[in-house]
Amino acid sequence: MNLSRIAAALALTAFALPAAAQEGSAWSINGIIGVASDYTWHGVSQTQEDPTWQLEVNLEHEAGFYVGGQFWGVDFVPPGEDWDDGISYEANLYLGWSRELSEFLTLTLDYTRTFYPGSKPDFDQDFNEFSVELGLGENVTALVTWSDDAVNLGHEGLYLGLSGSWELGESGFQLGAAAGRYDLGSELGGAYNDYEVSLSRSFGSIATKLAYVTTSGYNDTLAESLGERHLADGRAILSVGYEF
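Position 100, counted from 1, in the sequence shown is what this note's numbering calls 108; the numbers after and before it change by one each time, with no gaps.
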């Protein structure tokens with residue numbers, strides 16, 4: 009869930025990864041291990057608003073192909089409930105291809121399989137996402153993501169996103185902004201919007217990010233499928249990670 013690859017382009021607590029090339033090889037590997045005060049997906053907390061951990065490893069080829077995995081600790085059981093879904097973390101395995109088409113335009117194609125190891129039969133949420141991303145100049149990214157069975161709910165899902173990031177002079181800080189619209193169809197409650205503004209800075213291999221995340225249009229029907237309404241309220245999220 010990070011702007012360096014499509015599947016996480018608008019995941020609101022992710023970090024951009026460094027491209028750590030391996031000397032004498034066409035391949036490079038990079039990643040991050042970190043913690044965050046919350047993990048949101050399309051603006052909705054996946055941790056009951058509690059702190060969590062993150063791990064991502066990404067392998068890239070100089071021809072533009074990449075493959076990797078991203079993992080987050082999650083918790084879908086509301087406080088006080090006595091049922092158990094067997095889920096403690098989310099795994100996103102992805103592969104894709106990215107190519108600079110011109111000085112202004114970069115195209116990325118991506119497939120992501122999201123699954124939840126240990127989930128009990130009645131709580132299977134595994135699903136696929138297919139994405140197209142366009143990098144517009146150095147600062148802006150447009151994203152379209154389609155799922156044939158969004159969150160294993162039996163209906164298609166479509167996500168449209170636009171994000172940007174800008175260096176703040178020579179300060180080392182980076183300002184980020186993102187907005188997206190997630191449409192699950194009328195059967196599941198229609199569509200809602202998510203937004204983020206953020207400030208990030210790296211200190212050597214340590215990446216830090218402070219973001220404010222919120223949503224609009226998140227209704228009771230959507231909440232039945234994606235999480236209680238308060239999980240989509242506005243919140244500040246602090247993330248710290250070690251990049252390698």
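A virtual CB, placed ideally from N, CA and C, is assigned to each residue, including glycine.
query: For asparagine 147, which three-state DSSP category applies?
result: It is coil, neither helix nor strand.
- prompt: Between which two residues does the beta strand (DSSP E) harbouring alanine 186 extend?
  reply: Counted as a single uninterrupted DSSP element, the beta strand (DSSP E) harbouring alanine 186 occupies residues 181-191.
message: Pull the bridge partners of tyrosine 200 from the DSSP assignment, please.
response: DSSP output for tyrosine 200 lists Tyr190 as bridge partner(s).
task: Just the C-alpha distance for glutamate 195 and phenylalanine 138, rounded to the nearest angstrom, thanks.
output: When only Cα atoms are considered, glutamate 195 and phenylalanine 138 end up about 22 Å apart.
message: Buried or exposed, going by whether 16 or more other CB atoms sit within 10 Å of the CB of asparagine 266?
response: Nothing can be reported for residue 266, as the shown portion of the chain is limited to 9 through 252.
field: Other residues of its chain near threonine 122: CB distance less than 6 Å, five sequence neighbours each side excluded
entry: Asn100 and Phe135, listed in sequence order.
- request: Kindly indicate the opening and closing residues of the alpha helix (DSSP H) around leucine 234.
  value: Leucine 234 -> alpha helix (DSSP H) spans 228-234.
Inter-residue Cα distance where the pair is proline 26 and aspartate 241: Bear in mind that a pLDDT of 45 at proline 26, under 50, signals an unreliable position, so the model cannot answer this.
message: Is it the case that the segment 79-89 contacts the segment 103-117, given that we only count it when at least three CB pairs across the two stretches are under 8 Å?
response: Contact between the segment 103-117 and the segment 79-89 is absent, because fewer than three Cβ pairs lie under 8 Å.
field: Rounded Cβ spacing between alanine 187 and leucine 170 (contact assumed at less than 8 Å)
entry: Yes, alanine 187 and leucine 170 are in contact; Cβ-Cβ is about 6 Å, under 8 Å.
- prompt: What distance in whole Å lies between the Cβ atoms of arginine 189 and leucine 168, which are believed to be in contact at a cut-off of 8 Å?
  reply: Correct: roughly 5 Å between the Cβ atoms.
field: Buried versus exposed call for glutamate 204 [16 or more other C-beta atoms within 10 Å across all chains shown]
entry: Around the C-beta of glutamate 204, 16 or more other C-beta atoms lie within 10 Å, and the residue is accordingly described as buried.
First through last residue of the beta strand (DSSP E) which encompasses alanine 244: Counting along the chain, alanine 244 sits inside the beta strand (DSSP E) bounded by residues 243-251.
- prompt: Is DSSP giving alanine 34 helix, strand or coil here?
  reply: Three-state DSSP puts alanine 34 in coil, outside helix and strand.
Three-state class that DSSP yields for histidine 163 in the structure shown: Secondary structure of histidine 163 (DSSP, three-state): coil.
message: Using C-beta distances below 6 Å, list every residue in its chain close to glycine 198, excluding the 5 sequence neighbours before and after it, in chain order.
response: Counting only Cβ-Cβ distances below 6 Å, and skipping sequence neighbours, we find nothing.
- request: Keeping to the same chain, check which residues put their C-beta closer than 6 Å to that of leucine 63; ignore five residues upstream and five downstream.
  value: Around leucine 63, the same chain offers Ile41 and Phe79 as residues with beta carbons nearer than 6 Å, after the five sequence neighbours per side are excluded.
- request: State the beta-bridge partners of glutamine 62 as determined by DSSP.
  value: According to DSSP, which records beta bridges pairwise, glutamine 62 is partnered with Gly42 and Trp80.
- prompt: With 16 as the cutoff for other CB atoms within 10 Å, does aspartate 202 come out buried or exposed?
  reply: With 16 or more other Cβ atoms within 10 Å, it is buried.
message: Let me check one thing: in DSSP terms, what residues is glycine 217 bridge-paired to?
response: Checking the sequence shown, residue 217 turns out to be lysine, not glycine. Beta-bridge pairing by DSSP links lysine 217 to Ser208 and Ser247.
query: Is it right to say glutamate 141 is buried, meaning 16 or more other beta carbons lie within 10 angstroms of its own, or is it exposed?
result: So glutamate 141 ends up on the buried side.
- prompt: Can the beta-carbon of valine 248 be found closer than 8 Å to that of glycine 51?
  reply: No; because the gap between Cβ atoms is not below 8 Å, this pair is not in contact.
Backbone secondary structure at histidine 238 - three-state DSSP: Residue state, collapsed to three classes: helix.
message: Using 8 Å as the threshold, is the C-beta distance between tryptophan 253 and glutamate 68 below it?
response: In this structure the chain extends from 9 to 252, so residue 253 is not present and cannot be described.
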